[in-house]
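To keep things clear, I will list the structure first and then write my remarks on it.
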Amino acid sequence: MAGTWDASVNVLYITEGGGAFTAQKLKIASAFDVVAEVEIGAQLNGFATADRLVVTVTNLTTGVVTTQVNNRANLIPAGTVRREQIRVPFPALVANEGDLLRATCSYRATAGINADYSWGQSEPAIAES
Numbered sequence: 008m009a010g011t012w013d014a015s016v017n018v019l020y021i022t023e024g025g026g027a028f029t030a031q032k033l034k035i036a037s038a039f040d041v042v043a044e045v046e047i048g049a050q051l052n053g054f055a056t057a058d059r060l061v062v063t064v065t066n067l068t069t070g071v072v073t074t075q076v077n078n079r080a081n082l083i084p085a086g087t088v089r090r091e092q093i094r095v096p097f098p099a100l101v102a103n104e105g106d107l108l109r110a111t112c113s114y115r116a117t118a119g120i121n122a123d124y125s126w127g128q129s130e131p132a133i134a135e136s
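Mapping of the sequence shown onto this note's numbering: residues 8 to 136, in sequence order.
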């Protein structure tokens with residue numbers, strides 16, 4: 008939960024492409040998404056005009072890293088708490104049967120010359136055929 012001048016990543020999870028729930032397993036050669044549930048406190052959101060979410064999926068078994076960046080420069084400031092899901096699509100999974108995957112992210116909300124940062128990490132998922 009973000010404080011009034013804070014931004015936070017409340018939850019980060021891996022899901023099947025277009026899915027709504029946390030995936031414990033991902034199909035090899037299938038696209039998938041990482042979803043960040045973010046929150047910007049009311050005071051910071053009163054001036055917020057942009058945010059940036061950098062998501063990295065690491066294959067903990069092989070060390071292969073894939074990164075996607077979601078920049079938004081069109082936020083409309085409002086004096087209320089902003090809560091939303093940001094869905095970041097990833098291309099087809101390249102992995103071996105049984106590889107362990109984890110998503111991590113950094114999040115920045117920008118309000119004029121001020122910015123606040125947060126981070127998150129998902130529960131692991133296993134690659135399967």
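We treat Cβ as the ideally placed atom computed from N, Cα and C, and that holds for glycine.
Within 8 Å, strictly: CB atoms of residue i and residue j
{"i": "Ala134", "j": "Ala30", "result": "no"}
{"i": "Val62", "j": "Gln75", "result": "yes"}
{"i": "Ala43", "j": "Asp123", "result": "no"}
{"i": "Ser129", "j": "Tyr20", "result": "yes"}
{"i": "Leu6", "j": "Ala55", "result": "Outside the shown range of the chain, which is 8 to 136, sits residue 6, and nothing can be said about it."}
{"i": "Ala80", "j": "Ala57", "result": "yes"}
For residue i, the three-state DSSP class (helix, strand or coil)
{"i": "Gln31", "result": "coil"}
{"i": "Asn52", "result": "helix"}
{"i": "Ser15", "result": "strand"}
{"i": "Val41", "result": "strand"}
{"i": "Glu104", "result": "coil"}
{"i": "Ile120", "result": "coil"}
{"i": "Pro96", "result": "strand"}
{"i": "Glu91", "result": "strand"}
Contacts around residue i, its chain only, beta-carbon distance under 8 Å, and the 5 residues preceding and following it disregarded
{"i": "Leu67", "result": "Asp106, Leu107, Leu108, Arg109, Pro131"}
{"i": "Thr22", "result": "Phe28, Thr29, Ala30, Phe39, Asp40, Val41, Val42"}
{"i": "Val88", "result": "Ala9, Glu46, Ile47, Gly48, Ala49, Asn52"}
Rounded separation between residue i and residue j - CA only
{"i": "Glu46", "j": "Ala116", "result": "9 Å"}
{"i": "Ala85", "j": "Gly119", "result": "14 Å"}
{"i": "Asn103", "j": "Val71", "result": "11 Å"}
{"i": "Gly25", "j": "Phe97", "result": "11 Å"}
{"i": "Leu33", "j": "Thr111", "result": "16 Å"}
Residues bridged to residue i [DSSP beta-bridge criterion]
{"i": "Ser125", "result": "Tyr114"}
{"i": "Asn78", "result": "Arg59"}
{"i": "Ala36", "result": "DSSP output for Ala36 lists no bridge partner at all."}
{"i": "Ala65", "result": "It is Thr, not Ala, that sits at residue 65 in the sequence shown. Answer is Val72, Arg109."}
Neighbourhood of residue i by C-beta, 6 Å cutoff - its chain only, sequence neighbours within 5 removed
{"i": "Arg59", "result": "Asn78, Arg115"}
{"i": "Asn17", "result": "Glu44, Glu46"}
{"i": "Gln92", "result": "Val42, Glu44"}
{"i": "Trp12", "result": "Gly48, Gln50, Leu51"}
{"i": "Thr73", "result": "Val64"}
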